[in-house]
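K.L.:
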Amino acid sequence: MKKIAFILLALLAGIYLTLYRSDLTVRELVERYTTPNSRRIKVDGLDVNYRMEGSPTDTVPLLLLHGTGAMLQTWDGWVGRLQEKRRIIRLDLPGYGITGPAPGNQASGTYYADFIVHFLTKIGEKRCDVAGNSLGGNIAWHMALLHPEHVRKLVLIDAAGYPFTSKSVPIGFKLARVPGVAGLVAKLTPDALFRSSLENVYFNDSLITDKLVQTYADLNRREGNRQNFVKRKPQLDSLWQKIGQIKQPTLIMWGLHDDLIPPAIADRFHHDLPNDTLIVYPNAGHVPMEEIPAQTAKDAAAFLSKGR
C-alpha cells in the first residue's frame with residue numbers, strides 16, 4: 001500500500017512539475033513586449049503600460065480597450081491599418097498585461113470606466129473615440145453613460161454588458177471558477193491551456209500561431225496576474241438597463257460564431273441603442289479585430305470618419 005501511495009505521489013508530482021509555469025517579472029516582459037511607442041505612467045497606484053501611436057495631428061484620438069485575458073497586443077491588426085490617419089491610445093488594463101493586478105481584484109465596469117478617465121486625465125486627453133472588445137466593450141459603454149463628455153463615438157465589439165449564457169467558455173475561465181482548483185490555475189498554466197482558450201474564441205483556428213499563443217501565455221504569467229484572475233469576481237451591475245440612454249453614435253461589431261457572448265446580445269444592443277449601426281461577421285468568433293483585422297478596421301474607420 002505504501003508503495004502504491006508513493007507511486008501515486010510521484011505521478012502527481014511529475015504532473016505538477018510538467019504543468020507548472022513560474023511568474024514572469026515586469027522587467028522580463030518589458031524587454032520582450034515593449035516598443036519605442038511604449039510608455040508607463042502611474043495611475044491610482046498602478047504603473048500603467050500603454051502605447052501612443054499614429055498621427056500626431058489627430059485631435060480626437062482612438063482609445064482601444066481589450067477583453068478579459070487579453071492585452072494591448074490584441075489590437076495590433078487595427079493599429080497597423082489605422083495609424084496613418086488616427087492617433088491611437090491602447091493600454092494593458094488593470095489585471096492584465098504588463099500593468100498587472102488591479103487593487104483589491106476589482107472588476108466592475110464602473111471601476112474600469114472611472115480608472116480609464118483617470119488615465120486619460122493623467123496623459124492630458126479629454127475626448128476620444130472609444131472601441132472595446134468583450135470586457136473592453138463593457139468598459140466603453142460604461143464610460144459613455146458615466147462620463148459622456150469623454151466619449152465622442154463608440155465601437156462595441158462582441159461587448160459584455162447584458163446578462164447572457166455562453167454556448168462555450170474557455171477552459172481557463174472555467175477552471176478559475178472551480179473551488180479547490182482555482183489556486184492551481186494560478187500556477188499550472190501550460191501553453192496548451194492558452195491555445196485551447198484561443199481556439200474557443202476564434203472561429204478560424206488556423207489563425208492561431210505559436211507566436212500568438214506565446215504572447216498570451218507570457219503576458220498572463222506576469223507576476224500577480226494569474227492570482228488576480230482567479231480572485232476577481234466579475235460583477236454585472238444594473239447599468240445595462242440604461243444602455244438605451246447612450247447618446248453617442250455607436251457601431252456594433254459581432255462575430256456570428258461567438259460562442260462566449262452570443263450574437264443575440266448584439267441584437268439587444270441594436271434594439272436598445274438609439275443611434276447605432278450593427279455589422280455581423282460570418283467568418284469570425286469572439287475577437288473579430290484579431291481574426292479579420294482588415295475588414296473590421298476598414299468598417300471602423302468608415303464609421304469613425306463620419307462627422308470629423
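In full-length UniProt numbering, the protein residues as written are 1 to 308.
The beta carbon of each residue, even a glycine, is placed where N, CA and C say it ideally should be.
For the putative contact between ILE265 and ALA144, defined by C-beta atoms under 8 Å, what is the C-beta separation to the nearest angstrom?
P.N.:
Counting from one through the sequence shown, the residue named residue 265 turns up at place 265. Counting from one through the sequence shown, the residue named residue 144 turns up at place 144. No, ILE265 and ALA144 are not in contact; Cβ-Cβ is about 17 Å, not under 8 Å.
K.L.:
Looking only at its chain, what residues have a beta carbon closer than 6 Å to the beta carbon of ASP272, apart from the 5 residues adjacent to it on each side?
P.N.:
The residue given as residue 272 occupies position 272 in the sequence shown. So the list reads ILE243, GLY244, once near-sequence residues are dropped.
K.L.:
How big is the Cα-Cα spacing for GLY124 and VAL30?
P.N.:
Working through the sequence shown from its first residue, we reach residue 124 at position 124. Working through the sequence shown from its first residue, we reach residue 30 at position 30. If I take the Cα positions, the gap works out to 24 Å.
K.L.:
Does DSSP put GLU28 in a helix, a strand or coil?
P.N.:
In the sequence shown, the residue the question calls residue 28 occupies position 28. The answer is helix: DSSP assigns GLU28 an H, G or I state.
K.L.:
How many Å lie between ILE252 and SER38 at the Cα?
P.N.:
Position 252 of the sequence shown, counted from the first residue, corresponds to residue 252. Position 38 of the sequence shown, counted from the first residue, corresponds to residue 38. The alpha-carbon atoms of ILE252 and SER38 are separated by roughly 29 Å.
K.L.:
Identify which residue in ASP258, LYS85, ASP158, LEU256 has its Cα closest to the Cα of THR59.
P.N.:
The residue labelled residue 59 in the question sits at position 59 within the sequence shown. Among ASP258, LYS85, ASP158, LEU256, the Cα nearest to that of THR59 is on LYS85.
K.L.:
CA-CA distance, TYR112 and ASP92?
P.N.:
Locating residue 112 in the sequence shown gives position 112, where the first residue counts as 1. Locating residue 92 in the sequence shown gives position 92, where the first residue counts as 1. About 12 Å.
K.L.:
For ARG87, which residues does DSSP report across the bridge?
P.N.:
As a first step, residue 87 is located in the sequence shown; it is residue number 87 there, counting from the start. Bridge partners of ARG87: GLY54.
K.L.:
Report the residue ranges of all beta strand (DSSP E) runs contained in full by the region 110-186; include only those spanning at least 3 residues, in chain order.
P.N.:
Here the runs fully enclosed are 128-133, 151-157.
K.L.:
Is any heavy atom of the ligand FAD found at a distance shorter than 7 Å from the C-beta of SER238?
P.N.:
Inclusion of the ligand FAD in the displayed structure is not the case, the ligand content being empty and no account of it being possible.
K.L.:
Starting from GLY80, trace the alpha helix (DSSP H) in both directions and tell me its first and last residue.
P.N.:
Working through the sequence shown from its first residue, we reach residue 80 at position 80. Unbroken alpha helix (DSSP H) run through GLY80: 76-82.
K.L.:
In terms of alpha-carbon separation, which member of ILE88, LEU24, ALA70, HIS118 lies closest to VAL43?
P.N.:
As a position in the sequence shown, residue 43 is number 43, starting the count at 1. Comparing Cα-Cα distances from VAL43 to each of ILE88, LEU24, ALA70, HIS118, the minimum goes to HIS118.
K.L.:
Sort GLY69, HIS150, ALA284 by Cα distance to PHE229 and report the nearest one.
P.N.:
Numbered from its first residue, the sequence shown carries residue 229 at position 229. The shortest Cα separation from PHE229 among GLY69, HIS150, ALA284 belongs to GLY69.
K.L.:
Roughly how many angstroms lie between the CA atoms of GLY137 and SER55, to the nearest whole one?
P.N.:
Along the sequence shown, one-based indexing puts residue 137 at 137. Along the sequence shown, one-based indexing puts residue 55 at 55. If I take the Cα positions, the gap works out to 24 Å.
K.L.:
Using the Cβ count rule (16 or more neighbours within 10 Å means buried), how would you classify ALA294?
P.N.:
One-based indexing of the sequence shown puts residue 294 at position 294. Result: exposed.
K.L.:
Near ASP267, what residues of its chain come up, given a Cβ to Cβ distance below 7 Å and the 5 sequence neighbours on each side ignored?
P.N.:
If you number the sequence shown from 1, residue 267 lands on position 267. Around ASP267: no qualifying Cβ.
K.L.:
Could you tell me the alpha carbon to alpha carbon distance between ILE208 and TRP141, rounded to whole angstroms?
P.N.:
Counted from its first residue, the sequence shown places residue 208 at position 208. Counted from its first residue, the sequence shown places residue 141 at position 141. So the alpha carbons of these two residues sit roughly 29 Å apart.
K.L.:
Can the beta-carbon of LEU219 be found closer than 8 Å to that of VAL130?
P.N.:
Translated into the one-based positions of the sequence shown, residue 219 becomes position 219. Translated into the one-based positions of the sequence shown, residue 130 becomes position 130. No, these two residues do not count as a Cβ contact at 8 Å.
K.L.:
Taking the beta strand (DSSP E) that MET289 belongs to, which residues open and close that run?
P.N.:
Along the sequence shown, one-based indexing puts residue 289 at 289. Careful: MET289 lies outside any beta strand (DSSP E), inside the alpha helix (DSSP H) at 288-291.
K.L.:
First and last residue of the beta strand (DSSP E) that includes ARG268?
P.N.:
In the sequence shown, the residue the question calls residue 268 occupies position 268. No beta strand (DSSP E) contains ARG268, which is instead part of the alpha helix (DSSP H) from 263-272.
K.L.:
Over the uninterrupted alpha helix (DSSP H) stretch that includes LEU278, give me the two end residues.
P.N.:
Along the sequence shown, read from residue 1 onward, the residue named residue 278 stands at position 278. LEU278 -> not in any alpha helix (DSSP H); beta strand (DSSP E) instead, spanning 276-281.
K.L.:
With which residues is LEU64 paired in a DSSP beta bridge?
P.N.:
Locating residue 64 in the sequence shown gives position 64, counting from the first residue. In the DSSP output, where bridge partners are listed per residue, LEU64 has ARG90, ALA131.
K.L.:
Compute the Euclidean distance between the alpha carbons of residue 316 and ASN204, then round it to the nearest angstrom.
P.N.:
Nothing can be reported for residue 316, as the shown portion of the chain is limited to 1 through 308.
K.L.:
Spatial neighbours of TYR33 within its chain, please: CB distance less than 6 Å, with the 5 preceding and 5 following residues excluded, ordered by chain position.
P.N.:
Counted from its first residue, the sequence shown places residue 33 at position 33. No residues qualify anywhere along the chain.
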